[in-house]
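Visitor:
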Amino acid sequence: TNESVQLYESMRLIPIDDLLNVAIDGGFNALQATVVTIQELKQYLCDDNSNDTFIVQCFLSHLDLDGPLNQVIAKRCIFCNRSIRNNNGVNECTESECRMKLLEQISDENLSKKEVFNLNVHLTDYTGTIKNVKLGDDVARKMLKCSVDEFILMTGEQKTKLKWTYLLERFRFGIQIKNSSNYAKPIVRIACIFPREYLPSSINDEQL
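Per our numbering: the sequence shown ends with 307, consecutive numbering throughout.
(1) Taking V215 as the reference, which of R175, D224 and A132 has the closest Cα?
(2) Could you check whether R271 and D156 sit closer than 7 Å to each other, using their CB atoms as the reference points?
(3) Excluding the 5 residues flanking P294 on each side, which residues of the same chain have their C-beta closer than 6 Å to its C-beta?
(4) Going by other Cβ atoms of all chains shown within 10 Å of its Cβ, with 16 needed for buried, is G255 buried or exposed?
(5) Taking the straight line between their C-alpha atoms, what separation do you get for I123 and Q275?
(6) Helix, strand or coil: how does DSSP classify S246 here?
(7) If you measure from the CB of L261, is any heavy atom of the ligand SAM nearer than 6 Å?
(8) If I measure Cβ to Cβ from N120 and keep anything under 6 Å in the same chain, skipping five residues before and after, which residues do I get?
(9) Under 7 Å, do G273 and I154 count as touching if we go by C-beta distance?
(10) Within 10 Å of its beta-carbon, does L164 have 16 or more other beta-carbons around it, so buried, or fewer, so exposed?
(11) Can you tell me which of the three DSSP states D124 falls into?
(12) Which residue from T193, R198 and L222 puts its Cα closest to that of T136?
(13) If distances are taken between C-alpha atoms only, which option among L144, N217, A132 and P285 comes closest to S167?
(14) Starting from the Cα of D248, find the closest Cα among K233, K213 and V134 and give me that residue.
(15) How big is the Cα-Cα spacing for L267 and L243?
(16) Quick check on the burial criterion: 16 or more other C-beta atoms within 10 angstroms. Buried or exposed for C179?
(17) Within the continuous alpha helix (DSSP H) that includes Q275, where are the two ends?
(18) Let's see if you can read the secondary structure: which residues bound the alpha helix (DSSP H) around E256?
(19) Going by beta-carbon coordinates alone, are A239 and F127 separated by less than 7 Å?
(20) For N219, which residues from the same chain have a beta carbon less than 6 Å from its beta carbon, with the 5 sequence-adjacent residues on both sides left out?
(21) May I have the straight-line CA-CA distance separating L130 from T152, to the nearest angstrom?
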């Protein structure tokens with residue numbers, strides 16, 4: 100589409116070193132990503148393309164930082180990095196290998212878990228909205244400019260203020276789609292955030 104062409108042309112203005120920094124920093128290959136609108140991204144999901152990377156310019160239309168804490172922060176196993184679920188009243192990793200490592204290496208079971216940002220956000224441009232996009236720990240910490248521990252200590256008012264710092268603001272995100280046999284639907288996650296100075300002014304805000 101014309102909008103995708105405009106976004107692609109604006110990408111060409113970004114210095115190659117900055118593109119490489121984003122690729123290395125976020126584990127995202129910006130040089131091989133396809134520039135799309137939200138509607139086109141949703142079409143890729145419908146077409147069942149696997150493990151693709153994209154770049155979208157949009158705004159955050161849902162960012163529930165001041166909601167329930169368990170919808171913002173998750174506990175993960177330090178060994179396998181999987182989410183830890185409540186298992187008969189005990190929060191522990193159910194993987195047998197992780198249990199063995201815990202017994203061998205760590206005396207305090209609390210040290211076997213780490214708290215990370217784990218958000219579901221909605222992204223919107225003028226073509227539509229895509230819901231429940233994963234905003235993981237690395238990208239969330241960079242965007243919010245705070246650690247999990249710092250976030251937990253914030254008051255509700257501070258969390259609301261932080262939310263409105265980013266909600267409805269324009270962003271250029273690197274998006275990754277991953278298909279897995281463990282999930283019924285593909286996982287859509289934000290892999291990186293491009294520097295704000297590279298948001299093209301040539302694209303009318305109304306088109307977001």
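Every residue gets a Cβ at the ideal spot worked out from N, C-alpha and C, and that includes glycine.
Guide: So, from the listed chains and residues:
(1) One-based indexing of the sequence shown puts residue 215 at position 116. Taking only the C-alpha atoms, the option nearest V215 is R175.
(2) The count along the sequence shown starts at 1 and reaches residue 156 at position 57. The count along the sequence shown starts at 1 and reaches residue 271 at position 172. A small correction: the amino acid at residue 156 is Gln; Asp does not occupy that position in the sequence shown. Result yes, Cβ atoms of Q156 and R271 sit closer than 7 Å.
(3) On the sequence shown, residue 294 is found 195 positions in, with the first residue counted as 1. Nothing listed; no residue qualifies.
(4) Taking the sequence shown and counting its residues from 1, one reaches residue 255 at position 156. Under this definition G255 is an exposed residue.
(5) Within the sequence shown, the letter at position 24 stands for residue 123. Within the sequence shown, the letter at position 176 stands for residue 275. Only weak support exists for where I123 lies, its pLDDT of 41 falling under 50; the coordinates are left without a value.
(6) To locate residue 246, count along the sequence shown from 1; it is residue 147. S246 falls in the coil class under three-state DSSP.
(7) The model on display carries no ligand, and the ligand SAM is accordingly not part of it.
(8) Numbered from its first residue, the sequence shown carries residue 120 at position 21. Only weak support is given to the placement of N120: the predicted model assigns it a pLDDT of 46, under 50, and the question is left unresolved by the model.
(9) If you number the sequence shown from 1, residue 273 lands on position 174. If you number the sequence shown from 1, residue 154 lands on position 55. In contact: G273 and I154 (Cβ atoms closer than 7 Å).
(10) As a first step, residue 164 is located in the sequence shown; it is residue number 65 there, counting from the start. Result: buried.
(11) Residue numbering aside, residue 124 sits at position 25 when the sequence shown is read from its first letter. Legend: pLDDT at D124 = 48, less than 50; position of this residue unreliable, value from coordinates given subsequently. D124 falls in the helix class under three-state DSSP.
(12) By one-based count along the sequence shown, residue 136 stands at place 37. With distances taken between Cα atoms, T136 lies closest to L222.
(13) Translated into the one-based positions of the sequence shown, residue 167 becomes position 68. Ser is not the amino acid found at residue 167; the sequence shown has Pro there. Comparing Cα-Cα distances from P167 to each of L144, N217, A132 and P285, the minimum goes to N217.
(14) Mapped onto the sequence shown, residue 248 falls at position 149. Answer by Cα proximity: K213.
(15) Residue numbering aside, residue 267 sits at position 168 when the sequence shown is read from its first letter. Residue numbering aside, residue 243 sits at position 144 when the sequence shown is read from its first letter. If you take the alpha carbons of L267 and L243, they lie about 14 Å apart.
(16) Here residue 179 refers to the residue found at position 80 when the sequence shown is read from its first residue. That one is exposed.
(17) The sequence position of residue 275 within the sequence shown is 176, counting from 1. Unbroken run through Q275 is the beta strand (DSSP E), R269 to K277; no alpha helix (DSSP H).
(18) On the sequence shown, residue 256 is found 157 positions in, with the first residue counted as 1. Counting along the chain, the alpha helix (DSSP H) containing E256 begins and ends at G255 to Y265.
(19) Your numbering for residue 239 matches position 140 in the sequence shown. Your numbering for residue 127 matches position 28 in the sequence shown. Contact flag unset, no.
(20) Counting from 1 along the sequence shown, the entry for residue 219 is found at position 120. Counting only Cβ-Cβ distances below 6 Å, and skipping sequence neighbours, we find N231.
(21) Position 31 of the sequence shown, counting from 1, holds the residue named residue 130. Position 53 of the sequence shown, counting from 1, holds the residue named residue 152. Rounded to whole angstroms, L130 to T152 spans 10 Å at the Cα level.
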